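As given, the protein sequences belong to chains U and X, one line each in that order.
For the first sequence, the positions run 30 to 177 when our numbering is used.
For the second sequence, the positions run 30 to 177 when our numbering is used.
Number of protein chains: 2
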Amino acid sequence: MNQNSVFMEIAIQEARKALIFNEVPVGAVIVKDNKIIATAHNLKEFNNDPTCHAEILAIKKACKALNNWRLNDCSMYVTLEPCPMCAGAIIQSRIKNLYIGTFDDRSGACGSVLNIVQNDSLNHWVNVQWLYNKDCSLLLENFFKHKR
Amino acid sequence: MNQNSVFMEIAIQEARKALIFNEVPVGAVIVKDNKIIATAHNLKEFNNDPTCHAEILAIKKACKALNNWRLNDCSMYVTLEPCPMCAGAIIQSRIKNLYIGTFDDRSGACGSVLNIVQNDSLNHWVNVQWLYNKDCSLLLENFFKHKR
């Protein structure tokens, strides 16, 4: 298992934790110098706060860990393609690399519906790598199947 | 002075408070049933957190005040055109009306660089009204003039 797969596995574990809270299962991990500095999962319903997506919570934790709002040399691993809010937070925090587990054709903002993380008109460009992990999409499919 | 101008004046007062913290002067107010339920200003540097823009902080406060992450019948007054992150948070929270004080041609995501709040491919559409308040732009111009 290569390093990217290992970090994505940990993001998937985070997504599974979200299920305990009956939240949409999305997880995120932020890595610097090959060390995990933040992990988070979706907590929107639990916190009654629409900004509490996994990515935003992970960014807040990473900034606290580094005592810096700039995450220049950091990589984020996230199980689902970030929405416009989270893609915007990723460019605000200057995250360097973004590894995405599966795409979101309803609100993905890293290429699916629009592209905020790779947009020449904005002030930061993120390296994006799609890992297409089946567990990421299966977790979501099963969650929404049970919801209906 | 009409009601919209009154609420924008209060957003401008918030923006002025940001100056005390040497933050980019942006302020936001959220209104429901003609009553203010949240006010906030930029606190990114103070909190060392890139998500602490005025709009995000105001949304978090408003959700707490209503004990609900859905701000369906709420209006936001903000002194500067929201960035992609904040425009994304506005659609996540389902805010109905957005009143903007001045545009941001570098990272505005309500029409200037891109448009997230009025995009048929996304799941929420916001009514946007531009108020073009000179104080909103002057506050920013003076701030950046002194920074240099």
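Don't be surprised by glycine CBs; every beta carbon is placed ideally from N, CA and C.
Note that the structure is a prediction, hence the values are computed from the model and not measured.
Between the CA atoms of C92 (chain X) and W98 (chain X) - distance to the nearest angstrom: Numbered from its first residue, the second sequence carries residue 98 (chain X) at position 69. Numbered from its first residue, the second sequence carries residue 92 (chain X) at position 63. Rounded to the nearest whole angstrom, the C-alpha separation of W98 (chain X) and C92 (chain X) is 5 angstroms.
Against chain U: residues of the region 37-65 of chain X by CB proximity under 8 angstroms: The residues in question: there are none.
Cβ contact (3+ pairs, closer than 8 angstroms) linking the region 80-87 of chain U and the region 108-125 of chain U: Segments in contact, yes.
Best match in U:K125, U:A67, U:A94 and U:S141 for proximity to L151 (chain X) [C-alpha to C-alpha]: Indexing the second sequence from 1 puts residue 151 (chain X) at position 122. Among U:K125, U:A67, U:A94 and U:S141, the Cα nearest to that of L151 (chain X) belongs to U:S141.
Residue-chain proximity (R135 (chain X), chain U), Cβ-Cβ < 8 angstroms: The residue you call residue 135 (chain X) lines up with position 106 of the second sequence. Yes - at least one Cβ of chain U is within 8 angstroms of the one on R135 (chain X).
C-beta neighbour in chain X for S122 (chain U), strict 8 angstroms: Position 93 of the first sequence, counting from 1, holds the residue named residue 122 (chain U). Contacts with chain X at 8 angstroms (Cβ-Cβ) include S122 (chain U).
Contacting residues, own chain, Cβ-Cβ under 8 angstroms from Q158 (chain U) (five flanking each side not counted): Against the first sequence, residue 158 (chain U) aligns to sequence position 129. Cβ neighbours of Q158 (chain U) beyond the five flanking positions: N33, N126, L127, Y128 and I129.
Proximity below 8 angstroms, CB of I59 (chain U) to CB of L100 (chain U): Position 30 of the first sequence, counting from 1, holds the residue named residue 59 (chain U). Position 71 of the first sequence, counting from 1, holds the residue named residue 100 (chain U). When the beta-carbon positions are compared, I59 (chain U) and L100 (chain U) come within less than 8 angstroms of each other.
Those runs of the beta strand (DSSP E) which lie wholly inside the region 83-152 of chain U and span at least 3 residues: Complete beta strand (DSSP E) runs here, min 3: 103-107 and 126-129.
DSSP three-state assignment for V55 (chain U), whether helix, strand or coil: Here the question's residue 55 (chain U) lines up with position 26 in the first sequence. Three-state DSSP puts V55 (chain U) in coil, outside helix and strand.
Euclidean distance between Cα positions of Y106 (chain U) and R135 (chain U): To locate residue 106 (chain U), count along the first sequence from 1; it is residue 77. To locate residue 135 (chain U), count along the first sequence from 1; it is residue 106. C-alpha separation (whole angstroms): 20 angstroms.
Under 7 angstroms by beta carbon: chain X residues contacting M114 (chain U): Taking the first sequence and counting its residues from 1, one reaches residue 114 (chain U) at position 85. The contacting residues are M114, G117, A118 and Q121.
Residues near L72 (chain U) by beta carbon distance below 7 angstroms, same chain, minus five either side: For the purposes of this step, residue 72 (chain U) is identified with residue 43 of the first sequence, where counting begins at 1. If we look at L72 (chain U) and ignore the five residues flanking it on each side, its Cβ neighbours are F50, E52, C81 and L86.
Run of the alpha helix (DSSP H) containing V35 (chain U), from where it starts to where it stops: Translated into the one-based positions of the first sequence, residue 35 (chain U) becomes position 6. That run of the alpha helix (DSSP H) goes Q32 to I49.
Rounded Cβ spacing between N162 (chain U) and T131 (chain U) (contact assumed at less than 8 angstroms): Counted from its first residue, the first sequence places residue 162 (chain U) at position 133. Counted from its first residue, the first sequence places residue 131 (chain U) at position 102. Their Cβ separation, rounded to whole angstroms, is 7 angstroms, which keeps N162 (chain U) and T131 (chain U) in contact under 8 angstroms.
CB of L109 (chain X) within 8 angstroms of CB of L169 (chain X), strictly: Taking the first residue of the second sequence as position 1, residue 109 (chain X) is located at position 80. Taking the first residue of the second sequence as position 1, residue 169 (chain X) is located at position 140. Yes, the Cβ-Cβ distance between L109 (chain X) and L169 (chain X) is below 8 angstroms.
Limits of the alpha helix (DSSP H) - the one that N162 (chain X) falls within: To locate residue 162 (chain X), count along the second sequence from 1; it is residue 133. Where N162 (chain X) is concerned, there is no enclosing alpha helix (DSSP H), given that its DSSP letter is neither H nor E.
Amino acids of chain U, ordered along the chain, whose beta-carbon sits closer than 9 angstroms to that of D164 (chain X): Taking the second sequence and counting its residues from 1, the one referred to as residue 164 (chain X) is at position 135. For a Cβ distance threshold of 9 angstroms, nothing in chain U lies close to D164 (chain X): the least Cβ distance comes to about 25 angstroms.
Interface partners of C92 (chain X) on chain U, CB under 8 angstroms: Here the question's residue 92 (chain X) lines up with position 63 in the second sequence. Correct list: N77, D78 and P79.
Contact check, P79 (chain U) vs Q147 (chain X), beta carbons under 8 angstroms: Stepping through the first sequence from its first residue, residue 79 (chain U) is reached at position 50. Stepping through the second sequence from its first residue, residue 147 (chain X) is reached at position 118. No Cβ-Cβ contact shorter than 8 angstroms links P79 (chain U) with Q147 (chain X).
Delimiting residues of the alpha helix (DSSP H) encompassing N76 (chain X): For the purposes of this step, residue 76 (chain X) is taken as residue 47 along the second sequence, with counting starting at 1. Start and end: K73 to N76.
Integer-rounded CB distance, given that H70 (chain X) should sit under 8 angstroms from A94 (chain X): Sequence index remark: in the second sequence, residue 94 (chain X) carries index 65 (1-based). Sequence index remark: in the second sequence, residue 70 (chain X) carries index 41 (1-based). No, A94 (chain X) and H70 (chain X) are not in contact; Cβ-Cβ is about 17 angstroms, not under 8 angstroms.
Neighbouring residues, chain X, relative to W98 (chain U) (Cβ below 9 angstroms): By one-based count along the first sequence, residue 98 (chain U) stands at place 69. Correct list: K73, E74, N76, N77, D78, P79, T80 and C81.
Distance between M37 (chain X) and G165 (chain X) (C-alpha atoms, nearest Å): The count along the second sequence starts at 1 and reaches residue 165 (chain X) at position 136. The count along the second sequence starts at 1 and reaches residue 37 (chain X) at position 8. Reading the sequence as shown, one finds Cys at residue 165 (chain X) and not Gly. Rounded to the nearest angstrom, the two C-alpha atoms are 9 angstroms apart.
Identified DSSP bridge partners for I65 (chain X): As a working mapping, residue 65 (chain X) is identified with position 36 in the second sequence. When beta bridges are read from the DSSP output, I65 (chain X) appears opposite X:V60.
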